[in-house]
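Contents: one structure, followed by commentary.
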Amino acid sequence: MNRCLLGWIVIALAGISFADQTPSTTSTDALFWWQAGGISAPRIERLTQQHSLSCHAASACRSAADKTATSSLANRASTRKSTANPACNCSSPAAGIADLVRARKYDVAESKVRSFIQNNPENPWAQFVLGTILRQENRFEEAFDVFSDSAKLMPGFPETHNQLAYLFYRDDDSANAISEARTALSMDPGNAEAYRYLGLALYAGGRYDAALNAFQHSLDREPANADVYYDMGITLRDQGDLRRAAIAYRHALSLRPDFWEAHSNLGVVLHDMGKLEDAVTEYRAAKRLNPQEASVRNNLGNTYCDQNNFDSAVAEFQELSRQNPEWDGGHNCLARAYMSKRDYASAIHELQAAIRANPTGAAEHRVLGQALLLSGRDEEAVVILRKAVTLNPDSALAHHYLGTAFVNVQQLDEAETEFRQALRLDHSAQNHYSLAACLVALNRYEEALSELEIASHMDPAQDLYRARMQEVVKLITASK
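Residue numbers (numbering that gives the first Met the number 0): 0 to 479.
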């Protein structure tokens, strides 16, 4: 079914109230389905109250990591004088599936949920959990279909619309994502997750201020959600507010110190702010938490390059290449490292790889041309530097190096043209000097002397310019 049409159908069904559409008798297993579905602890507490559900054995069924989140529920249940409410069945299929999901054993959990659904096709909670598992496995198309089925079984459950909002957001459909999130909020105005997904949808649509407002509404309701601070950090960085982005990421890390993505993104922000050493610290933290993540090592290696710490950069990229043989990056940084060591052969190899990855990269062509010049491969340098100038006609350096290559192959008229282009783009003493050297080679000494006088006036501390002026004066005298 067309996604847009399905969105409208689901929204129409959602006009019926949550109370009318959730199962009239909620099994005590519902708590486990909610846990397996990734619903937050504060939201589960509210659902428990709404459904008058009390599980005396809840804390005993949960892993140590979750005991704190449910302690208030367990304590409240233990103080009740009535024993009418049944205890949770810790050996139920729902409890087992919740344990598997918490352990991230999604393939086994999926198999068990599908088996359960086959025998209980009308169970809306199981459908919801299956969708959650598929989403965790990045099987978004399948997840969308499952959540859509869940919404038909239980259209008034806000969390189903939250999940549909997220999937529309993933599909770059911000309009439908906003619509689903607002549908969830119409059912449950206090739903923090709905505000978060509304914020993501608004962010995707470029409405940064509105997105930040939605994220703040989410935090007002669940202030300990590190993911929302993380989303705020992304939005603030894209908005250009690096200072507040860094604050948001640090809030996320204060709530979840092992949040490697937040460490990595904070590193990016600090790099953007020019705080390279602080960026390295964050990238190292991210690498410690997730040593197999290629993007972290890539960013760390590039930051080392920007610090001119080339040995560390090479070590990171070599390890990255060893871990991920299919990875093809870091070539520009490695080329800089090898150029600094005057290992031009290795630099040329990396730059050629960089150009294969980015055939229109003007800078890559320019630096490759420079490396070829330094290796004495002048004819090849001419070809590459012509391409560099074509890709970026406004690069004074590219024109300068092309002029140098033309001088080396004795194409002096072409060299003069390139040096004049470089001078037009960058009125520097060095470019006046290079043009003068070309004019000397063309036996145009008076013009050369004029260029050297300008260069010497612009940079009077440069003895070379005065020495060359004296040589040109002698040439002028000898030619008369």
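Backbone N, C-alpha and C define an ideal beta-carbon position, used for all residues, glycine too.
R195 is a Cβ neighbour of S217, given a cutoff of 7 Å. In the displayed model, A102 falls within coil according to three-state DSSP, outside both helix and strand. In terms of Cβ geometry, L401 and L373 do not form a close pair [threshold 7 Å]. Taking the Cα of A191 as reference, the smallest distance to any Cα among R134, L201, V227 is reached at V227. Looking from the CA of A395, the closest CA among V107, V366, F309, M468 belongs to V366. If you ignore the 5 residues before and after E363, its C-beta comes within less than 7 Å of the C-beta of N331, L350, A353, I354, N357, all in its own chain and listed in chain order.
Leaving aside the five residues that flank A334 on each side, the residues in its chain whose CB is nearer than 6 Å to its CB run, in chain order, A346, E349, L350.
The beta carbon of A380 sits closer than 7 Å to the beta carbons of G368, L371, L372, A404 from its chain, once the five residues preceding and following it are set aside; these are given in chain order.
Apart from the 5 residues on each side of it in sequence, H270 sits with its Cβ closer than 7 Å to the Cβ of A278, T302 in its chain, given in chain order. The residue among L199, P92, Y165 with its C-alpha nearest the C-alpha of F214 is L199.
N224 is classed as buried because its beta carbon has at least 16 other beta carbons within 10 Å across all chains shown. For A251, same chain residues with a beta-carbon under 6 Å away, outside a window of 5 residues either side, are A225, Y228, Y229, F258, A261 in chain order.
E221 and I43 have their C-alpha atoms roughly 12 Å apart. Annotation for C89: no alpha helix (DSSP H) segment contains it, and DSSP assigns it neither H nor E.
Burial check for A344: the Cβ neighbour count within 10 Å stays below 16, so the residue is exposed. Approximately 5 Å separates the beta-carbon atoms of V406 and A414; this is inside 8 Å, confirming the contact. Excluding the 5 residues flanking it on each side, Q135 has same chain C-beta neighbours closer than 7 Å at Y105, in chain order. In this structure, the beta-carbon distance from A285 to N323 does not fall below 7 Å. By the Cβ-count criterion, A460 is exposed, with fewer than 16 other Cβ atoms from all chains shown falling within 10 Å of its own Cβ. Judged by beta-carbon spacing, F31 lies within the 7 Å limit of A97, meaning their Cβ atoms are closer than that value. Secondary structure note for Q215: its alpha helix (DSSP H) is the uninterrupted segment 207–220. Along the length of the region 272–346, whole alpha helix (DSSP H) runs at least 4 residues long occupy 275–288, 293–305, 309–322, 330–339, reported in chain order. Within the same chain, Cβ atoms closer than 7 Å to the Cβ of V145 are found at Q126, L129, G130, L133, the five residues on either side in sequence being excluded. Annotation: the continuous alpha helix (DSSP H) that includes H431 extends over 428–440.
With 16 or more other CB atoms across the displayed protein chains lying within 10 angstroms of its CB, G36 is buried. The region 122–172 is shown to contain whole alpha helix (DSSP H) runs of 4 or more residues at 123–135, 139–152, 157–169, in chain order.
A straight-line Cα-Cα distance of about 38 Å links V313 and D462. The Cβ atoms of S263 and V295 sit closer than 7 Å to each other. Here H426 is exposed. Its C-beta has fewer than 16 other C-beta atoms within 10 Å.
Taking a C-beta distance under 7 Å as the contact criterion, L184 and A176 do not qualify as a contact pair. DSSP, read as helix, strand or coil, puts D393 in coil.
Straight through space, the alpha carbons of C89 and G95 are spaced by roughly 8 Å. Within the model, the alpha-carbon separation for E141 versus L163 is close to 12 Å. About 6 Å separates the CB atoms of A203 and Y168; that is less than 8 Å, so the two are in contact.
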